[in-house]
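Below is one structure; the comments refer to it alone.
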Amino acid sequence: MKEAVFDRIARLYDCEQGGVAEDIPFYVEYAKNCGGEVLELACGTGRALIPIAREGVKIAGLDISKEMLDIARKKIEKLDENTKGDIEIAQGDMRKFELKRKFSMIYIAFRSFQSLLTKQDQGACLECVNRHLGDSGLFILDLFAPRHDILAQVKRSLNLDKFYDKKNHLYINRRCEDEYDLANQTLKENRFYEWTDKNDKFHREIWSFELAYLFRYEAELLLEKYGFKVENVFGNFDKSPYNYHSGEQIFVAKKVS
Ligand SMILES: C[S@@+](CC[C@H](N)C(=O)[O-])C[C@H]1O[C@@H](n2cnc3c(N)ncnc32)[C@H](O)[C@@H]1O
Numbered sequence: 005m006k007e008a009v010f011d012r013i014a015r016l017y018d019c020e021q022g023g024v025a026e027d028i029p030f031y032v033e034y035a036k037n038c039g040g041e042v043l044e045l046a047c048g049t050g051r052a053l054i055p056i057a058r059e060g061v062k063i064a065g066l067d068i069s070k071e072m073l074d075i076a077r078k079k080i081e082k083l084d085e086n087t088k089g090d091i092e093i094a095q096g097d098m099r100k101f102e103l104k105r106k107f108s109m110i111y112i113a114f115r116s117f118q119s120l121l122t123k124q125d126q127g128a129c130l131e132c133v134n135r136h137l138g139d140s141g142l143f144i145l146d147l148f149a150p151r152h153d154i155l156a157q158v159k160r161s162l163n164l165d166k167f168y169d170k171k172n173h174l175y176i177n178r179r180c181e182d183e184y185d186l187a188n189q190t191l192k193e194n195r196f197y198e199w200t201d202k203n204d205k206f207h208r209e210i211w212s213f214e215l216a217y218l219f220r221y222e223a224e225l226l227l228e229k230y231g232f233k234v235e236n237v238f239g240n241f242d243k244s245p246y247n248y249h250s251g252e253q254i255f256v257a258k259k260v261s
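Mind the numbering: the sequence shown is residues 5 to 261 in our numbering, read in order.
Here it is in C-alpha cells:
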C-alpha cells in the first residue's frame, strides 16, 4: 500500500529532500497574500508548511503517513509558541477528508498529487479541495512535466546524487530504475539506497512507488471539471511560463463561485 511506502521513506526523507527549497518562496508569497488560512495536502514532514507558518500564516496540514507526520510534529515542537499555535496537522487521505471549515488557499507541493493513480482518485481529491475552499479560494498544484523522449525510453536507469544521513553519519548512494506504463500513464520507480556502515557492512534498501503523470491540458481540463479556473501555468517557481522542457508544471487556479 502507498502509505506503507511513505512510512518507510519517512526515516530518510529530510536527509534526502529536506534541502529542496526552490519552491518555498513561491508558496510563501501566495500564502501571505491569500488573506486567510492555508491547507497543505500531503504535507509530509513539513518541509514547505513550516517555513510558511514562520511567516505568520495560519496553516493546516494533512498527510496519510503517520511516520511523516511524527517527524513534522517533532520539528513543530521546537518552534516558538506563536508559530506553533498557527499550525495544525492531522493524518488523513487527500481523496476523502472533512475538516469542517474552509480555507483561503490549498496547495499540493512536490508532485504529491501524482501518488493518486486513477482519474477517480484524482477527481475525489479535487472534489474535497473544492469543498474546502472559500469563495474564489486559491488552489496550487505542482506536477512534473512529462517528456515524450523520456516516455519513449519506457525503461531507464539513473544514478542520483548521494546524500548524507546526519543521524548515522554516513553517505547513502542512490539510484533508480524507472518504468513507464504508457497505457495507464504511470511511472513505476524502484529506488535503490545503498550504504556501508562503520563496521563495513553493506546495506541496500529498495523502495518502490508509482506515480501518475498528466499532460498540461489534461490537468487543466481536470481542474476545470472539478470547478476551478486555471489562472496561470508556470514552468518554474520563479514564475516563468510553462514550456515543454521546463520539467515542472505549476497550476495556479481559483475556485469558480
Ligand atoms: C514527496 S512527499 C511530499 C511531502 C511534502 N509535501 C514536501 O513537499 O516535502 C509525498 C507525500 O504525499 C503523501 N501522500 C501520498 N498519498 C497520500 C494521500 N492519498 N493522502 C494524503 N497524503 C498522501 C505521503 O505520505 C508523503 O508525505
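Quick reminder that beta carbons are idealized off the backbone N, C-alpha and C, glycines included.
{"Check": "Alpha-carbon spacing of Ile80 relative to Ile63, whole angstroms", "Outcome": "12 Å"}
{"Check": "Proximal residues to Gly96 (C-beta, below 6 Å), its chain only, five neighbours per side dropped", "Outcome": "Leu66"}
{"Check": "Contact between the region 87-101 and the region 20-29 (3+ Cβ pairs under 8 Å)", "Outcome": "no"}
{"Check": "Gln21 beta carbon near ligand 1 (any heavy atom closer than 8 Å)", "Outcome": "yes"}
{"Check": "Residue range of the alpha helix (DSSP H) that includes Leu225", "Outcome": "220-229"}
{"Check": "Contact between the region 193-209 and the region 228-235 (3+ Cβ pairs under 8 Å)", "Outcome": "no"}
{"Check": "Reduced DSSP category for Met5 - H, G, I as helix; E, B as strand; rest coil", "Outcome": "Residue confidence is low: Met5 scores 44 on pLDDT, short of 50, so the model does not pin down where it sits. Its coordinate-derived value is still stated next. The answer is coil: DSSP assigns Met5 none of H, G, I, E or B."}
{"Check": "Beta-ladder partner(s) of Pro245, from DSSP", "Outcome": "Phe238"}
{"Check": "Ligand 1 heavy atom lying under 8 Å from the CB of Val42", "Outcome": "no"}
{"Check": "Three-state secondary structure assigned by DSSP to Phe117", "Outcome": "helix"}
{"Check": "Cβ-heavy atom distance, Tyr197 to ligand 1, below 8 Å", "Outcome": "no"}
{"Check": "C-alpha gap between Ser108 and Ala223, whole angstroms", "Outcome": "22 Å"}
{"Check": "Collapsed DSSP secondary structure at Ala52 in the structure displayed", "Outcome": "coil"}
{"Check": "Buried/exposed call for Asp18, threshold 16 Cβ in 10 Å", "Outcome": "buried"}
{"Check": "Environment of Ala35 [buried if 16+ CB atoms lie within 10 Å]", "Outcome": "buried"}
{"Check": "DSSP bridge partner residues for Arg179 (one or two, in chain order)", "Outcome": "Asn163, Phe196"}
{"Check": "Straight-line Cα distance separating Glu235 from Lys259", "Outcome": "10 Å"}
{"Check": "Status (buried if at least 16 other CB within 10 Å, exposed otherwise) for Met5", "Outcome": "Since pLDDT at Met5 reaches only 44, below the 50 mark, its modelled position is unreliable, and the value read off the structure follows with that caveat. Met5 is exposed by the Cβ-count criterion."}
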